[in-house]
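Enquirer:
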Amino acid sequence: MKKDKNRFNLNEIFHSTELQMPIIIIDDKEVEFSAGQTIIQAALNAGIEIAHFCYHPSLSISGNCRICLVEIENMPKLVIACSTPATEGMRVRSKSEKVIHAQNAVMEFLLINHPLDCPICDEAGECKLQDYAYQYGVGISRFDEVKNHKDKRVKLGPNVLFDQERCISCSRCIRFCEEIAKDPELTFVQRGDHVTIETFPGEELDNPYSMNVIEICPVGALTSEDFRFKSRVWEMSFTDSICPGCARGCNTIVGVRNNKILRIEPRENLSVNDYWLCDYGRLNTIKGVNDEELRFNSPAIRLNEGTTENEDLLDVNWDEAISKSVSHLKNYSANDILFIASAYSTLEDNYALKKFAKDIFSSDNIVYIPNFDENFGDDILRKSDMTPNSNGMKLLGIKPISDSAVDSLGSGNIKMMFVMNEDIKNINGAEVFMKNIETTVNLISYKNTFSSQANVILPISTYAEINGTFVNFQNRIQRLRPAVTSLEQERLIGEFSMSRLDKFGAHNDRWTRGTKFNSRPGWKIIKFIAKAMGHNFEFENSEEVFTELCGVIPEMNGYDYETIGSIGLVAGERPFAEA
745 MKKDKNRFNL
755 NEIFHSTELQ
765 MPIIIIDDKE
775 VEFSAGQTII
785 QAALNAGIEI
795 AHFCYHPSLS
805 ISGNCRICLV
815 EIENMPKLVI
825 ACSTPATEGM
835 RVRSKSEKVI
845 HAQNAVMEFL
855 LINHPLDCPI
865 CDEAGECKLQ
875 DYAYQYGVGI
885 SRFDEVKNHK
895 DKRVKLGPNV
905 LFDQERCISC
915 SRCIRFCEEI
925 AKDPELTFVQ
935 RGDHVTIETF
945 PGEELDNPYS
955 MNVIEICPVG
965 ALTSEDFRFK
975 SRVWEMSFTD
985 SICPGCARGC
995 NTIVGVRNNK
1005 ILRIEPRENL
1015 SVNDYWLCDY
1025 GRLNTIKGVN
1035 DEELRFNSPA
1045 IRLNEGTTEN
1055 EDLLDVNWDE
1065 AISKSVSHLK
1075 NYSANDILFI
1085 ASAYSTLEDN
1095 YALKKFAKDI
1105 FSSDNIVYIP
1115 NFDENFGDDI
1125 LRKSDMTPNS
1135 NGMKLLGIKP
1145 ISDSAVDSLG
1155 SGNIKMMFVM
1165 NEDIKNINGA
1175 EVFMKNIETT
1185 VNLISYKNTF
1195 SSQANVILPI
1205 STYAEINGTF
1215 VNFQNRIQRL
1225 RPAVTSLEQE
1235 RLIGEFSMSR
1245 LDKFGAHNDR
1255 WTRGTKFNSR
1265 PGWKIIKFIA
1275 KAMGHNFEFE
1285 NSEEVFTELC
1295 GVIPEMNGYD
1305 YETIGSIGLV
1315 AGERPFAEA
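Structural data, given as structure tokens:
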């Protein structure tokens, strides 16, 4: 065939227009970088560690600490890697003799007035100053004068304490308040070795994101009043999870000791929460998880069905409570029962409840209760939708409770309520219509306004005790993993993190006696009720529930826990391996 001279060769066009990334050479390694990147950004992206205290990828450059000094070929002096732009062909040395000598000098300078607080400091074990003193320090100091003493335990705000002696003046906390929280509250005062940080006159560090300064502080100068002196970090287990405080679904790390949650920190996810977490998510979402007064620790049934007195609730075993639930359910037709799902529960639990209503009662009479607080939301992270899984409800086809459903409750058409992980008081007119409800079966974790009137209580595990998934406001499906264990802990391979004390504690050690609540995941409770009613749900663990529900939701076909991964996946997107 004669070659058409006018025909374009797409291969040639592609290669002729292909953009070549500029190259910088760091310690004899070629590193690609984007225009505008600094040396430290190019290095960190390539997995090359350059020491730094004041640099943070989400904050402006300050260049305070000087520990990131590097040597550039044909430049007479060392430069700081955090503010020096990378240029094509630049040759950088981060481990030359000149650089090491400078790093030793910087560490000696930073430690001159730093107190030897490591044995009592909350930051010990995760402190950059400790790490760099070992890596870049010389182990001795020529300073033999008296250290400059400053104030300790300074209360900057309701949640943050400041130790002035430990501060290395990196200014991360100041820049965070100005640039991320949009609320300038901190500033440097004094000069020289007397410099310290204070709040502006009449101000305190009380913005909704104030506790983020604790994580970004590279030393132990800023500490959490809530976590202070509770545990050494090497005695804790750390589990990746999701914050249930609002529809954002911030990625978190749950810190646990002796089966008790001691703190929650943000986990980096640039698609969801960047590096941050609000104070509400840190403090309010864990208050009840270990509260023995607030939580139900056993199934319970009402002995005298004709009363609603608290003392008539009797703790029983699971078999008896499930049997009692079945006997109540058999007394009513589908139209008599309202199933209450929950946007606070996982996709797996809500799917099991919908399947239960549909397969056993042929009922679509299932709703959830929305929860919006317009005063809570902002333009940083917090959303006005206070539930973590309302978009999961949409994917499952479960609708918010409607006016007609409320009218049915008020008119007495609904005689039984099957409630999962909700407080009925959140429905308008609950005080009135609850008088018309003959029977309630509650799958709940915490005591609430109407729990004392329930006929059956089936304790459901909290978000921190289960495997599962939430769908945030972006339609991003994200994984929950168990951080604390219940009596019937569901263990998927590799999913449960254990601390050193968990692994090596003996039965007579006090740190192995943390409370384990007698609770179960919602899907498992529903599965057993269905089985007692003659229906066999095939799933045996949460991942099997997830796989089954993915088969009926078109946007999630083919998903499993592995494809969701650690940063989540937007419903409808194909997993990276398939893309």
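In short: position in the sequence shown from 1, add 744, done, that's our numbering.
The beta-carbon is built from N, C-alpha and C at its ideal position, and this holds for glycine as well.
1) From the DSSP output, read off the bridge partner residues of Leu-1082.
2) Between the Cα of Cys-812 and those of Ile-824, Val-939, Asn-1048, spot the shortest distance and give me the residue it belongs to.
3) Do you know whose CA, among Asn-1262, Asn-1216, Tyr-1024, lies nearest Asn-1041's CA?
4) Excluding the 5 residues flanking Thr-1206 on each side, which residues of the same chain have their C-beta closer than 6 Å to its C-beta?
5) Which of the three DSSP states is assigned to Tyr-1088 in this structure?
6) Which residues in the same chain have their Cβ closer than 8 Å to the Cβ of His-759, if we skip the five residues on either side of it in sequence?
7) Mind listing, in chain order, the continuous beta strand (DSSP E) runs of no fewer than 3 residues lying wholly within the region 1098-1159?
8) Distance, Cα to Cα, Lys-1031 vs Lys-872?
9) Would Tyr-878 be called buried (16 or more neighbouring beta carbons within 10 Å of its own) or exposed?
10) What does a CB cutoff of less than 6 Å around Ile-986 pick up in its chain, not counting 5 residues either side in sequence?
11) When the Cβ atoms of the region 1192-1200 are set against those of the region 1293-1300, are three or more pairs found closer than 8 Å?
12) Is Glu-909 helix, strand or coil when you go by DSSP?
13) Using a Cβ distance threshold of 8 Å, determine whether the region 952-962 contacts the region 974-983, with at least three qualifying pairs required.
14) For the structure I just gave you, are there three or more beta carbon pairs, one from the region 907-915 and one from the region 857-872, closer than 8 Å?
15) Please say whether Asn-903 and Met-955 have beta carbons closer to each other than 8 Å?
16) Nearest-angstrom Cα distance between Asp-866 and Arg-1007?
17) Looking at the strands, I want to know which residues DSSP matches up with Tyr-1190.
18) Return the bridge partner residues of Phe-944 from the DSSP annotation.
19) Name the residue from Thr-1193, Ile-997, Val-850 whose alpha carbon lies nearest to the alpha carbon of Ser-885.
20) Are the beta-carbon atoms of Cys-990 and Lys-1127 separated by less than 8 Å?
21) Report the three-state DSSP secondary structure of Gln-1222 (helix, strand or coil).
22) Please state whether DSSP places Phe-1281 in a helix, a strand or coil.
23) Would you report the Cα separation of Thr-1184 and Glu-1009, rounded to the nearest angstrom?
24) Would you give the residue range spanned by the beta strand (DSSP E) that Gly-999 belongs to?
25) Check each candidate in Lys-1191, Asn-1186, Asp-1018, Trp-1062 and name the one with the smallest Cα separation from Glu-1037.
26) In or out: Ala-1101 buried (at least 16 other Cβ within 10 Å) or exposed?
27) Please say whether Ser-1241 and Lys-708 have beta carbons closer to each other than 8 Å?
28) Take Gly-1316 and list the residues in its own chain whose beta-carbon comes closer than 6 Å to its own, dropping the five residues that flank it on each side.
29) For Asn-1013, which beta-bridge partners are listed by DSSP?
30) Please name the residue in Thr-828, Arg-1264, Pro-1043 whose C-alpha comes closest to that of Ser-1286.
31) Kindly indicate which three-state DSSP category Ile-1005 falls into: helix, strand or coil?
32) Smallest Cα separation from Ser-981: which of Arg-1001, Pro-988, Asn-995?
33) Between the beta-carbon of Lys-1159 and the beta-carbon of Asp-1080, is there less than 8 Å?
34) For the 8 Å Cβ check, are there 3 or more pairs between the region 815-832 and the region 924-943?
Expert: Taking the definition as stated:
1) Met-1161
2) Ile-824
3) Asn-1262
4) Val-1033, Ser-1189
5) coil
6) Its pLDDT being 48, under 50, His-759 is placed unreliably by the model, and the measurement read from it follows with that caveat. Excluding residues within five positions, none has a Cβ falling inside 8 Å.
7) 1110-1112
8) 30 Å
9) exposed
10) Gly-993, Phe-1214, Gln-1222, Leu-1224
11) no
12) helix
13) no
14) yes
15) yes
16) 12 Å
17) Arg-1039
18) None; Phe-944 has no bridge partner.
19) Val-850
20) yes
21) strand
22) coil
23) 37 Å
24) 995-1001
25) Lys-1191
26) buried
27) The chain is shown only over 745 to 1323; residue 708 falls outside these bounds and no answer can be derived.
28) Glu-1299
29) Asp-1018
30) Arg-1264
31) strand
32) Arg-1001
33) yes
34) no
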